[in-house]
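J.: Here you go, one structure.
There are 2 protein chains.
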Amino acid sequence: MTYGYIGSMKAKPGHREDVVSILLRNADSLRQAGCDLYVVSVSETDQDTIWVTEVWHTKERHDASLQLPEAKAAINEAMPMLTGEFTSQETTVRGGLGLH
Amino acid sequence: MTYGYIGSMKAKPGHREDVVSILLRNADSLRQAGCDLYVVSVSETDQDTIWVTEVWHTKERHDASLQLPEAKAAINEAMPMLTGEFTSQETTVRGGLGLH
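Protein chains in written order, with the UniProt record's numbering: chain W, 1 to 100; chain R, 1 to 100.
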């Protein structure tokens with residue numbers, strides 16, 4: 001059972017690139033927290049939406065990662081640049097190509 | 001510029017596992033078609049929804065892959081088991097962890 005997360009957030013106008021930079025800053029450190037995949041992408045159909053897709057060993061490790069000091073700092077830094085419009089979907093990953 | 005795709009589809013009741021199997025059948029062959037990531041997962045919040053997240057070298061290679069005979073066969077086989085409710089989002093991938 002591998003845990004998947006697909007989420008979106010909306011940046012205030014002009015702030016999308018700033019938020020993307022914050023989201024990518026600690027990406028490499030997620031591996032040791034139990035993360036297999038963390039992809040940050042931007043919508044092609046509007047100027048403000050950011051998508052994050054993640055695969056983790058377990059939901060517990062994902063949830064625990066949000067308590068790491070660098071995660072909390074990133075959330076605090078990004079939050080004022082976001083509109084508060086989020087979507088999220090938890091999944092169970094069944095397989096595919098490119099997961100390591 | 002790396003092309004991302006995040007899509008969902010809804011299976012008719014009782015058919016989700018059949019559709020997941022079809023979606024995974026040709027996953028390994030996508031690499032040579034220009035695909036870096038193809039993840040099939042199932043919603044944790046309902047019984048019928050399937051999510052597919054993909055990363056491709058270019059949108060053109062993604063679109064071309066849908067014309068491959070095995071892709072057309074898979075689409076034809078899965079379609080009668082789907083309700084017709086789809087979501088899709090095209091993105092540009094900015095980075096992250098776990099992409100190769």
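Ideal Cβ placement from N, Cα and C applies to all residues, glycine included.
1. Locate the beta strand (DSSP E) running through LEU23 of chain W, then write down its first and last residues.
2. Relative to the alpha-carbon of TYR38 of chain W, which residue among R:ALA11, R:LYS59, R:THR53, R:LEU30 has its alpha-carbon at the smallest distance?
3. Looking at the strands, I want to know which residues DSSP matches up with THR2 of chain W.
4. To the nearest angstrom, how far is the alpha carbon of GLY14 of chain W from that of ASP48 of chain W?
5. Where ASN76 of chain R and PHE86 of chain R are concerned, what is the direct C-alpha to C-alpha distance, given to the nearest angstrom?
6. With hydrogens ignored, establish whether the beta-carbon of ALA73 of chain R is closer than 7 Å to any heavy atom of the ligand ADP.
7. Quick one: is SER88 of chain W buried, meaning 16 or more other Cβ sit within 10 Å of its Cβ, or exposed?
8. Using a beta-carbon distance below 8 Å, is ASP48 of chain W in contact with chain R?
9. Secondary structure at LYS12 of chain W, three-state DSSP: helix, strand or coil?
10. Say whether chain W places a C-beta atom closer than 8 Å to the C-beta of residue 174 of chain R.
11. Whose C-beta lies closer than 8 Å to the C-beta of LYS12 of chain W among residues of the same chain, with five residues either side of it excluded?
12. Measure the alpha-carbon distance for MET79 of chain W versus LEU68 of chain R and round it to whole angstroms.
13. Which of the residues in the region 4 to 33 of chain W, read from start to end, lie with their CB under 7 Å from any CB of chain R?
14. DSSP state of LEU68 of chain W, grouped into three classes?
15. Leaving out five residues on either side along the sequence, give the residues of the same chain with a beta carbon under 8 Å from the beta carbon of THR92 of chain W.
16. In chain R, which residues lie with their C-beta within 8 Å of the C-beta of THR45 of chain W?
17. Could you have a look at ASP63 of chain R and say whether DSSP puts it in helix, strand or coil?
18. Quick one: give me the first and last residue of the beta strand (DSSP E) that GLU44 of chain W is part of.
19. DSSP three-state label for LEU99 of chain R, please.
T.: In terms of the structure at hand:
1. Looking at the DSSP string, LEU23 of chain W is not in any beta strand (DSSP E); the run it does join, the alpha helix (DSSP H), is 16 to 25.
2. R:THR53
3. W:VAL93
4. 8 Å
5. 16 Å
6. The ligand ADP is absent from the structure shown, which contains no ligand whatsoever.
7. exposed
8. no
9. coil
10. In the structure as shown, chain R starts at 1 and stops at 100, and residue 174 of chain R therefore has no counterpart that could be examined.
11. ASP48, MET81, LEU82, THR83
12. 43 Å
13. GLY4, ILE6, VAL20, LEU24, ALA27, ASP28, LEU30, ARG31
14. coil
15. MET1, THR2, TYR3, GLY4
16. GLN89, GLU90
17. helix
18. Here GLU44 of chain W belongs to no beta strand (DSSP E), and DSSP marks it neither H nor E.
19. coil
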